[in-house]
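A.B. asks: First residue of the sequence shown? That's 1 in the numbering used here, and the numbers climb one at a time after it.
Where a beta carbon is used, it is the ideal one built from N, C-alpha and C, also for glycine.
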Amino acid sequence: MRRPVIAGNWKMNKTPAEASALVEELKPLVKEANCDVVVCVPAVDFSAVSAVIEGSNIHLGAQNVHFKDSGAYTGELSAAMLKESGVEYVIIGHSERRQYFGETDATVNQRVTAAVKAGLKPIICVGEKKEEREAGYTDPLVAYQTLIALTGLTGEEVSDVIIAYEPVWAIGTGLTATDEQANETIGVIRKAVAGQYGQEVADKVRIQYGGSMKPSNVKGLMAQPEIDGGLIGGASLKAADFSAIVNFDR
Ligand code: PGA
Numbered sequence: 001m002r003r004p005v006i007a008g009n010w011k012m013n014k015t016p017a018e019a020s021a022l023v024e025e026l027k028p029l030v031k032e033a034n035c036d037v038v039v040c041v042p043a044v045d046f047s048a049v050s051a052v053i054e055g056s057n058i059h060l061g062a063q064n065v066h067f068k069d070s071g072a073y074t075g076e077l078s079a080a081m082l083k084e085s086g087v088e089y090v091i092i093g094h095s096e097r098r099q100y101f102g103e104t105d106a107t108v109n110q111r112v113t114a115a116v117k118a119g120l121k122p123i124i125c126v127g128e129k130k131e132e133r134e135a136g137y138t139d140p141l142v143a144y145q146t147l148i149a150l151t152g153l154t155g156e157e158v159s160d161v162i163i164a165y166e167p168v169w170a171i172g173t174g175l176t177a178t179d180e181q182a183n184e185t186i187g188v189i190r191k192a193v194a195g196q197y198g199q200e201v202a203d204k205v206r207i208q209y210g211g212s213m214k215p216s217n218v219k220g221l222m223a224q225p226e227i228d229g230g231l232i233g234g235a236s237l238k239a240a241d242f243s244a245i246v247n248f249d250r
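1. Using alpha carbons as the reference points, say which of 169, 117 and 164 lies closest to residue 190.
2. Within 6 Å: the Cβ of residue 237 and any heavy atom of the ligand PGA?
3. Short check: CB of residue 207 to CB of residue 228, under 7 Å?
4. Specify, as a first and last residue, the run of the alpha helix (DSSP H) that residue 187 falls within.
5. Does DSSP classify residue 39 as helix, strand or coil?
6. Restricting to Cα atoms, I'd like to know which of 195, 219 and 128 is closest to residue 150.
7. Among the residues of its own chain, which have a CB less than 8 Å from the CB of residue 92, if the five just before and after it don't count?
8. When every heavy atom of the ligand PGA is checked, does at least one fall within less than 6 Å of the C-beta of residue 234?
9. List the whole-angstrom C-beta distance separating residue 205 from residue 142, where the pair is believed to meet the contact cut-off of C-beta under 8 Å.
10. Taking the C-alpha atoms as reference points, what is the distance between residue 89 and residue 53?
11. Taking 6 Å as the line, does the beta carbon of residue 9 fall inside it for any heavy atom of the ligand PGA?
12. Return yes when the C-beta of residue 231 is under 6 Å from any heavy atom of the ligand PGA, and no when it is not.
13. Check whether the Cβ of residue 212 sits closer than 6 Å to any heavy atom of the ligand PGA, and report yes or no.
14. Report yes or no: do three or more beta-carbon pairs, one from the stretch 5-13 and one from the stretch 229-240, lie closer than 8 Å?
15. Check whether the Cβ atoms of residue 168 and residue 127 sit closer than 7 Å, and answer yes or no.
16. Look at the alpha carbon of residue 18 and the alpha carbon of residue 222, and state the distance between them as a whole number of angstroms.
17. As an exercise, report each continuous alpha helix (DSSP H) stretch of at least 4 residues that is fully enclosed by the stretch 79-107, in chain order.
18. State the start and end residues of the unbroken beta strand (DSSP E) segment that holds residue 122.
19. Please report the Cβ distance between residue 83 and residue 120, rounded to the nearest whole angstrom; I am assuming they are in contact, meaning their Cβ atoms lie under 8 Å.
20. Should residue 61 be counted as a contact of the ligand PGA given a C-beta to heavy atom distance under 6 Å?
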């Protein structure tokens, strides 16, 4: 019922020339995908990547957005700037932003609000650290992160956002949550959404898994009923790996 969405998070990788080369290579490999395909690229690559993906089934995403419309916020980008650059999706609240750049649940909510207002689709990242899982806090933590991020949105707006469940201990580590762990925690997130916005909205929200997703584990994860796609870091930087993930159902 929910169309899967597979998004690459390139992080701070690929110059404009490297970015064009990667999407050129990717384009034919993913053209028959049965899911939404997104590449979230560094802002300096927007124009190079847009030129290559025009008319294809690959959609452009960004990795962050500021919450103000404009003003004295050196180094930041507004939702309108992203929109006019052809961006459709934007990652918000990635654990690296939370860890290294002081992102909080409150600023995540402000960014989500700005993105939705501008017509961008947010990919909202939530997830627990290793010690939080070990202490048994995973469920209330991800539910809390999710509900704070969505505060102020209407049910209709919520039904259109994407949430990425990314256990922090699985990002870039080669460790993956088991299929069952990922499914269970994503179920907790969906239940939290249902509690606040109703089951109908919760049934529409697409919730991805992220954290060392790769060609060898995508099938098992995607076979889980709650998992609607993936947010892919390392493996999105190679056309062969990313396309194998996108084509998980072949
Ligand atoms: P990874 O990154 O696939 O390299 O673990 C995922 C992410 O950070 O979104």
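C.D. replies: Taking the definition as stated:
1. 164
2. no
3. Here residue 207 is near residue 228, since their CB atoms are less than 7 Å apart.
4. 179-197
5. Three-state DSSP puts residue 39 in a strand.
6. That would be 195, whose Cα lies nearest to the Cα of residue 150.
7. Contacts found: 64, 65, 108, 111, 112, 115, 122, 123, 124, 125 and 149.
8. yes
9. Rounded, the Cβ-Cβ distance is 13 Å, inconsistent with contact.
10. Residue 89 and residue 53: Cα-Cα distance of roughly 14 Å.
11. yes
12. yes
13. Yes, since a heavy atom of the ligand PGA falls inside the 6 Å radius drawn around the Cβ of residue 212.
14. yes
15. yes
16. 30 Å
17. 79-84 and 95-100
18. 121-126
19. 6 Å
20. no
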